[in-house]
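Engineer:
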Amino acid sequence: MADLTIEHGEQQSSRTSEAGAGWGCEQIGRFTDLRPDDAIFSWLNPSTLWRSRNEVLAGLFGDPSGEVRARWVAAQHARGVDPGHRIDPGLGHSFSFLLLGDPGEGDASQYAVVPGLLKVGAGTDFAVVASDVVYPTGAGDEYGDKFFRPYKDYQAPIYAIPGNHDWYDGLGGFMRVFCDAPPLRPMPRKGLRGLLWRRPDPIDEDRLREARALRGAPAQRAVQPAPYWVIESDSLLVVGVDTGIKGSIDRQQTAWLRRVSADPRPKILVTGKPIYTRNVYKPSPLEGGGTIDDIVRDPAHRYVAAIGGDVHNYQRYPVRLADGRTIQYVVSGGAGAFMHATHTIERIDVAGVEEDDFRAYPLRGDSLSFYSQLYARRLRMKWLYLTPTEASRIMLEQIRNTPVRPVDRSLKITRRMRWAARMLGAWPWPLRLPVKRVFHRHLSEFSDWDEPPLFKQFLRLTVTPEKLTVSCFAATGCLPQEENPPIEDHFEISLKP
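If you're matching positions, the sequence shown starts at 2 in my numbering and goes up one per residue.
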């Protein structure tokens, strides 16, 4: 597929109109025909939350991911995998690939991405899943409807780095599917964490074999060496790191990352935890001192971008360093899971990035309208609902940015609109519905929503010896955007020395 460019004035997206965002959807996309008839997933089910308890336990008693990861890597090395964890697909100088973040719910919000992904991804050389391949716990028996079936028609290999949810299974499902690894011996249970910790589910090998057949073509097959790896090419290295449950990097992976980063070729980092998100700097710590971002920023390492999943929307922070270089820090976690709000992100002022340099999808006004609709329905409080026009007007007053979509500045913000915005977290207010910090930590699942507009997204990256081109494509769940996926962001990075 030829390199994609934005044709200004022709591409309908959320940045040009409400219809381009999927509001007023008159015809739902054909993705509904792709879903299994029995695909029912709910974050509001108490059993789902209980199965995900390892997140809470890791926060209370410590994250064992580093210790378990070292055992997986040692077992892989004993099996004879490349100790440098290199993947060499024979890419040459120019190639393209897709990047999906946090896809694996197996419901409408995941399958709605598939038609546009197949259209945009035709002819790409591979895809990368960045974080949370399968919800809620990464169990191997759930890969059929949440990985193999949705991407059965994508005719290229798919590689992945695990997210925190993949680690709730002790990485057992992930390692079996992506690395063809046999299970590890269970570790002895120690202390309260060991007593409460959720153990990996046994994998039904017959069921997994049937699921693998859905992506059984020779061009689709791939086995990666470990949960962290580097994809080789003449022009660019794609470096994938495993951040476990809480985001830390163990000593062995740190040493590997330093060795890989010393290669003189330009690089992008793919990580389970974004370095910048919600106007906050959150670099993952390295065992022994320092952070991942210390490695990314070192000019000798030639990183040009760092892309992270985990947060279920799209954000981009072009950070200009003191030496004149710009590194693009991207959040791309909107390929299938429930949507994290963007309207609660404060006016951007981090690392020298100003508000009008920042990019987000969904737009803040669309995010506010989406959440107002969600709560108005679930709480049966009609007064909470803000139309996209009303929500955009409110966010313009709050953020004071240059709007990317025309806003009716003459629209009067009524008392009802102000109260709704306060309750939904768009303005500082002590009493609010759970949409901000507490919401993101503990109650995000309440926003699981399977009706258009869905505000999902994925990336297409094109590499030549001269430049890296990145486009963020949207999936709303509506037929027009399914047939012609909108471009919500587009930027180019020079790869020249």
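Glycine residues also receive a C-beta, built at the ideal position from the N, C-alpha and C atoms.
Return the CA-CA distance between Q225 and D358, expressed in angstroms with no decimal places.
Structural biologist: Taking the straight line from one Cα to the other gives about 36 angstroms.
Engineer: For I400, does the three-state DSSP call read helix, strand or coil?
Structural biologist: It is helical.
Engineer: What's the gap between the Cα of L496 and the Cα of L469?
Structural biologist: Distance between the alpha carbons of L496 and L469 is about 7 angstroms.
Engineer: So, helix, strand or coil for T327, using DSSP?
Structural biologist: T327: strand per DSSP, three-state reduction.
Engineer: I need the boundaries of the beta strand (DSSP E) containing D103, first residue and last residue.
Structural biologist: Here D103 belongs to no beta strand (DSSP E), and DSSP marks it neither H nor E.
Engineer: Quick check on this structure: which residue in Y169, T17, R199, L215 has the alpha carbon closest to the alpha carbon of D133?
Structural biologist: Selected option, being the one with the closest Cα: Y169.
Engineer: Taking 7 angstroms as the threshold (C-beta atoms), are A157 and F127 in contact?
Structural biologist: Yes, these two residues count as a Cβ contact at 7 angstroms.
Engineer: Check this for me: beta carbons of V115 and L237, under 7 angstroms apart or not?
Structural biologist: Cβ distance not < 7 angstroms, so V115 and L237 don't count as in contact.
Engineer: Is the distance from the Cβ of L385 to the Cβ of A377 below 7 angstroms?
Structural biologist: Result yes, Cβ atoms of L385 and A377 sit closer than 7 angstroms.
Engineer: If you check the beta carbons only, do A182 and M188 fall under 7 angstroms apart?
Structural biologist: No. Outside cutoff.
Engineer: Please return the same chain residues whose Cβ sits closer than 7 angstroms to the Cβ of L119, not counting the five positions on each side in sequence.
Structural biologist: Hits under 7 angstroms: D154, Y155.
Engineer: Could you check where the beta strand (DSSP E) with V178 kicks off and where it finishes?
Structural biologist: Careful: V178 lies outside any beta strand (DSSP E), inside the alpha helix (DSSP H) at 173-180.
Engineer: Once DSSP output is grouped into helix, strand and coil, what is the label at A20?
Structural biologist: If DSSP states are grouped into helix, strand and coil, A20 belongs with the helices.
Engineer: Going by C-alpha to C-alpha distance, which of G426, L185, V354, P201 sits closest to D167?
Structural biologist: Of the listed residues, the one whose Cα sits closest to D167 is P201.
Engineer: Relative to the alpha-carbon of P466, which residue among D64, F96, E211, I88 has its alpha-carbon at the smallest distance?
Structural biologist: Closest by alpha carbon: F96.
Engineer: Does G21 pass the burial test, meaning 16 or more other C-beta atoms within 10 Å, or should it be called exposed?
Structural biologist: Buried is the call here.
Engineer: Going along the chain, which residues of its own chain have a beta-carbon closer than 6 angstroms to the beta-carbon of G335, five neighbours each way excluded?
Structural biologist: Closer than 6 angstroms at the Cβ level, and outside the excluded window around G335, lie H313, N314, Y315, K457, Q458.
Engineer: Using DSSP's beta-bridge definition, name the partner residues of Y304.
Structural biologist: BP columns for Y304 point to K268.
Engineer: Going by beta carbon distance, what residues of the same chain come within less than 6 angstroms of L101, once the five residues before and after it are set aside?
Structural biologist: Excluding positions up to five away in sequence, the list reads V130, A336, F459.
Engineer: Check this for me: beta carbons of R394 and L375, under 7 angstroms apart or not?
Structural biologist: No, these two residues do not count as a Cβ contact at 7 angstroms.
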